[in-house]
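This report concerns only the one structure given below.
Numbering (mature numbering (1 follows the signal peptide of the UniProt record, and there is no 0)), first residue to last: -24 to -1, 1 to 309.
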């Protein structure tokens, strides 16, 4: 009996010691909870491989304040805990995993020891039983969410991807684990997970012509913002089933920059800029931002016609060749 009693006491001491290393963390110094909403439908082909990123949120920047809320002489860092209410990763089901892009890297719970990442915020001990709010540190937290496919390809499946509607995404806390005192630690929740659904097939894109060649350009009469040429091209989306979904796209410059968000400027000659327009309505297509490529429908063929518009960016152009490229990323909706 004596040995059992000692083991029980030791266990209690370990638990108490772990609890004493707690941190309190609040958004804007006082807020303990917030929610970000997925406000668009997301269609997901079942043939996509495991770990494919299915959706990525906008970038967010919030102000966090943390402090040691119990007496301890121990140095302690702030940790970023993913899936704080679902360490076993069961709530989202077998097909979906939530990740966070933090400090320049994509983080998944399944790839991190303890489902957490250490932040460069450190405290050097607190001697007050009531905590040391006077030693609080405030810092920015820059992040975005992404959802990735957790299961292997499973062709032909249709319907909801997860039974969860909301999901606690992350919590900030100390090395000893997550504070269980309600309201002490900020928890960010992602809502709208019911917007995700499987579709039975994927789409393939073809661009014609693949390269837009503006040919020779006469510099006589060059004037800033003057249109030099417009060349048509088309993007055709094909799918092998009649599942109802649409496509969003995002263009990313390569060996070029996106002046004003809409003008592709070649790195090797900034005298000219290229704007992409929808032929119907002549609305401008942005770079580095999602736009609608194909509206939601069950159609198996969708043809979209565009114009590549070349314009002068100066009255005194530099002679020589120019070239610019943009990659296209497609998102199902």
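Cβ atoms here follow ideal geometry from the backbone N, Cα and C, with glycine treated the same way.
Less than 8 Å separating the beta-carbons of residue 272 and residue 309? Your numbering for residue 272 matches position 296 in the chain shown. Your numbering for residue 309 matches position 333 in the chain shown. Closer than 8 Å, so yes.
Return the CA-CA distance between residue 73 and residue 130, expressed in angstroms with no decimal places. Taking the first residue of the chain shown as 1, we reach residue 73 at position 97. Taking the first residue of the chain shown as 1, we reach residue 130 at position 154. Between residue 73 and residue 130, the alpha-carbon positions lie close to 16 Å from each other.
Taking the beta strand (DSSP E) that residue 17 falls in, what are its first and last residues? The residue labelled residue 17 in the question sits at position 41 within the chain shown. Membership of residue 17 in any beta strand (DSSP E) is not indicated, and neither H nor E is assigned to it by DSSP.
Consult DSSP for residue 234 and reduce its assignment to one of helix, strand or coil. As a first step, residue 234 is located in the chain shown; it is residue number 258 there, counting from the start. Residue 234: strand per DSSP, three-state reduction.
Is the distance from the Cβ of residue 172 to the Cβ of residue 137 below 8 Å? On the chain shown, position 196 is the one that residue 172 refers to. On the chain shown, position 161 is the one that residue 137 refers to. Remark: C-beta atoms of residue 172 and residue 137 approach each other more closely than 8 Å.
Under 8 Å, do residue 166 and residue 14 count as touching if we go by C-beta distance? Here the question's residue 166 lines up with position 190 in the chain shown. Here the question's residue 14 lines up with position 38 in the chain shown. Going by C-beta atoms, residue 166 is nearer than 8 Å to residue 14.
Residue nearest to residue 70 in terms of C-alpha spacing, selected from 22, 108 and 47: Numbered from 1 along the chain shown, position 94 holds the residue referred to as residue 70. Cα-wise, what sits closest to residue 70 is 22.
For residue 61, which residues of its own chain have a beta-carbon under 7 Å away from its beta-carbon, when the five flanking residues on both sides are left out? Within the chain shown, numbered from 1, the residue matching residue 61 stands at position 85. Counting only Cβ-Cβ distances below 7 Å, and skipping sequence neighbours, we find 144.
Report all residues from its chain with a CB closer than 7 Å to the CB of residue 174; omit the five preceding and five following residues, and keep chain order. Taking the first residue of the chain shown as position 1, residue 174 is located at position 198. The beta carbon of residue 174 lies closer than 7 Å to those of 20, 22, 133, 134, 135 and 137 in the same chain, with the five residues before and after it left out.
For residue 92, which of helix, strand or coil comes out of DSSP? Within the chain shown, numbered from 1, the residue matching residue 92 stands at position 116. In this structure, residue 92 counts as strand in the three-state DSSP scheme.
Could you pull the start and end residues of the beta strand (DSSP E) that residue 212 belongs to? Counted from its first residue, the chain shown places residue 212 at position 236. Residues 203 to 215.
Of all the options 28, 128 and 47, which has the alpha carbon lying nearest to the alpha carbon of residue 100? Here the question's residue 100 lines up with position 124 in the chain shown. Comparing Cα-Cα distances from residue 100 to each of 28, 128 and 47, the minimum goes to 47.
Among 195, 11, 205 and 104, nearest to residue 313 - alpha-carbon criterion: Given that the chain is displayed from residue -24 to residue 309, the structure contains no residue 313 and the question cannot be resolved.
Tell me, to the nearest whole angstrom, how far the beta carbon of residue 95 is from that of residue 55; I am working on the premise that it is less than 8 Å. Translated into the one-based positions of the chain shown, residue 95 becomes position 119. Translated into the one-based positions of the chain shown, residue 55 becomes position 79. About 7 Å; that satisfies the 8 Å criterion.
Do you know whose CA, among 193, 210, 179 and 84, lies nearest residue 280's CA? The residue given as residue 280 occupies position 304 in the chain shown. Cα-wise, what sits closest to residue 280 is 210.
How about residue 248 and residue 288: do their beta carbons lie closer than 8 Å? In the chain shown, residue 248 corresponds to position 272, counting from 1. In the chain shown, residue 288 corresponds to position 312, counting from 1. Going by beta carbons, residue 248 and residue 288 fall inside the 8 Å limit.
Can you check which of these residues, -1, 34, 35 and 306, is closest to residue 182 by C-alpha distance? For this step, residue 182 is matched to residue 206 along the chain shown. Of the listed residues, the one whose Cα sits closest to residue 182 is 306.
Residue from 228, 128 and 299 with nearest C-alpha to residue 187: Taking the chain shown and counting its residues from 1, one reaches residue 187 at position 211. Among 228, 128 and 299, the Cα nearest to that of residue 187 is on 299.
Would you list, in sequence order, the uninterrupted beta strand (DSSP E) runs of no fewer than 3 residues that lie entirely inside the region 105 to 139? 113 to 125
By how many angstroms is the C-alpha of residue 265 removed from the C-alpha of residue 178? Here residue 178 corresponds to residue number 202 of the chain shown, with the count starting at 1. Here residue 265 corresponds to residue number 289 of the chain shown, with the count starting at 1. If you take the alpha carbons of residue 178 and residue 265, they lie about 22 Å apart.
Who are the near neighbours of residue 233 in its chain, counting only those whose CB is closer than 6 Å to its CB and skipping five residues on each side? Within the chain shown, numbered from 1, the residue matching residue 233 stands at position 257. Answer for residue 233: 241, listed in chain order.
Find out if the Cβ-Cβ distance for the pair residue 53, residue 98 is shorter than 8 Å. Looking up residue 53 in the chain shown gives position 77. Looking up residue 98 in the chain shown gives position 122. Yes, they are a contact pair.
How long is the line joining the alpha carbons of residue 139 and residue 68, rounded to whole angstroms? Translated into the one-based positions of the chain shown, residue 139 becomes position 163. Translated into the one-based positions of the chain shown, residue 68 becomes position 92. Their backbone Cα atoms lie some 7 Å apart in a straight line.
Enumerate in chain order the residues of its own chain whose CB-to-CB distance from residue 227 is below 6 Å, with the five nearest sequence positions on each side excluded. If you number the chain shown from 1, residue 227 lands on position 251. Correct list, in chain order: 263, 302 and 304.
Residue 220, buried or exposed, once every other Cβ within 10 Å from all chains shown has been counted against 16: In the chain shown, counting from the first residue as 1, residue 220 sits at position 244. Result: exposed.
Opening and closing residue of the beta strand (DSSP E) in which residue 308 lies: Numbered from its first residue, the chain shown carries residue 308 at position 332. DSSP places residue 308 inside the beta strand (DSSP E), whose first and last residues are 301 to 308.
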